[in-house]
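> Would you mind keeping the following structure in view while I ask a few things?
Residue numbers (the working numbering): 2 to 326.
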């Protein structure tokens with residue numbers, strides 16, 4: 002390594018084979034980037050939702066062998082000057098994770114090799130597996146029917162042993178793979194074929210890491226509580242009177258019902274969004290009555306093509322219309 006310099010967000014390191022950036026996201030989260038040409042444009046990520054972080058204070062200590070980035074109240078990042086390997090420590094100095102080899106960048110492919118302890122259990126990736134522990138498996142970071150490897154859908158991996166939790170998010174959308182001790186039992190390898198080598202390193206307990214990880218990528222809103230309750234299908238034929246009677250009977254029998262689902266016959270001639278006015282003269286009043294008794298009303302739809310004269314349909318090669326039923 003030739004030089005290292007601090008800025009408001011982290012540290013820039015110039016090395017013989019390229020440049021590194023270590024951005025301080027939070028006390029328990031660092032973003033590591035590598036660019037062979039030394040240029041770091043503003044990162045555009047499909048995975049990361051939150052970008053307006055207030056970086057905590059940090060400092061850089063230098064010695065002949067190591068660079069040490071210390072985050073106030075947080076993790077410590079050590080970089081070996083000789084071969085640019087990274088090591089991450091907890092605030093108390095416990096080893097979290099470390100590179101098993103220098104970053105490999107050759108002919109467009111790049112690899113990050115992380116040391117895997119003998120006791121580590123590996124979880125994550127949203128990958129198909131017969132066991133929760135993914136150790137000994139290899140997954141493609143690409144979804145294709147022709148792939149020999151099983152696909153991994155979320156490139157977030159958590160490795161737990163008796164000492165610490167090593168977790169990282171691989172932030173690259175190119176075709177690659179993750180090898181979790183399949184080729185080398187003592188190594189986890191992330192690979193990419195285009196773009197930038199970028200990953201997020203986490204520190205903490207499994208729960209705190211997941212809290213920070215979901216803060217980084219964004220949290221989907223939870224469904225309403227009633228959607229997890231009991232759903233009952235209304236009796237047929239359906240009408241406003243039968244629905245009110247059914248709701249009364251459910252409450253009289255103390256059934257824990259939250260949702261009443263109507264059958265398709267509530268529609269007029271199976272026309273979506275059109276009520277049968279003879280059996281449901283005042284739909285809004287009916288739904289209001291059910292709501293006051295604690296019921297949500299679920300209305301199914303059936304998409305139906307009534308007129309094919311305009312020829313606006315998807316067809317098979319033989320000319321027949323494609324049916325989804």
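The beta-carbon is built from N, C-alpha and C at its ideal position, and this holds for glycine as well. Please read these numbers as outputs of a predicted model, since none were measured by experiment.
(1) With contact counted as at least three CB pairs below 8 Å, one residue from each stretch, are the stretch 134-143 and the stretch 175-190 in contact?
(2) In chain order, which continuous runs of the alpha helix (DSSP H) of length 4 or greater are located wholly inside the stretch 182-233?
(3) Going by C-alpha to C-alpha distance, which of 195, 64 and 83 sits closest to residue 18?
(4) Of all the options 57, 32 and 7, which has the alpha carbon lying nearest to the alpha carbon of residue 217?
(5) Can you give the Cα-Cα distance for residue 118 and residue 224, rounded to whole angstroms?
(6) Express the C-alpha separation of residue 272 and residue 249 in angstroms, rounding to a whole number.
(7) Less than 6 Å between C-beta atoms, sequence neighbours within five positions excluded: which residues of the same chain meet that for residue 180?
(8) Just the C-alpha distance for residue 126 and residue 134, rounded to the nearest angstrom, thanks.
(9) Ends of the beta strand (DSSP E) at residue 63?
(10) Which same chain residues, not among the five before or five after residue 66, have their C-beta less than 8 Å away from its C-beta?
(11) DSSP puts residue 13 in a beta bridge; with which residues?
(12) For residue 204 versus residue 20, is the C-beta distance shorter than 7 Å?
(13) So, helix, strand or coil for residue 69, using DSSP?
(14) Taking one C-beta from the stretch 69-80 and one from the stretch 22-40 each time, how about it: are there three or more such pairs within less than 8 Å?
(15) Would you mind listing the beta strand (DSSP E) stretches within the stretch 263-320 that are 3+ residues and don't spill past its ends, in chain order?
(16) Using only CA atoms, which one of 222, 278 and 258 lies nearest to residue 242?
(17) What does a CB cutoff of less than 6 Å around residue 239 pick up in its chain, not counting 5 residues either side in sequence?
(18) What distance in whole Å lies between the Cβ atoms of residue 230 and residue 260, which are believed to be in contact at a cut-off of 8 Å?
(19) Kindly list the residues whose CB is nearer than 6 Å to the CB of residue 157, restricted to its own chain and excluding five residues on each side of it in sequence; keep chain order.
(20) Quick one: what does DSSP say residue 141 is sitting in, helix, strand or coil?
(21) By how many angstroms is the C-alpha of residue 47 removed from the C-alpha of residue 76?
(22) By the three-class DSSP mapping on this structure, what secondary structure does residue 235 have?
(23) Could you tell me which of 24, 236 and 103 sits nearest to residue 247, measuring between CA atoms?
(24) Under the three-state reduction of DSSP, which class applies to residue 247: helix, strand or coil?
This is what the structure gives:
(1) yes
(2) 207-218
(3) 83
(4) 32
(5) 39 Å
(6) 29 Å
(7) 139 and 190
(8) 11 Å
(9) 59-63
(10) 81, 82 and 83
(11) 6 and 22
(12) no
(13) strand
(14) yes
(15) 297-299
(16) 278
(17) 263, 264, 266 and 267
(18) 6 Å
(19) 125 and 170
(20) strand
(21) 26 Å
(22) coil
(23) 236
(24) helix
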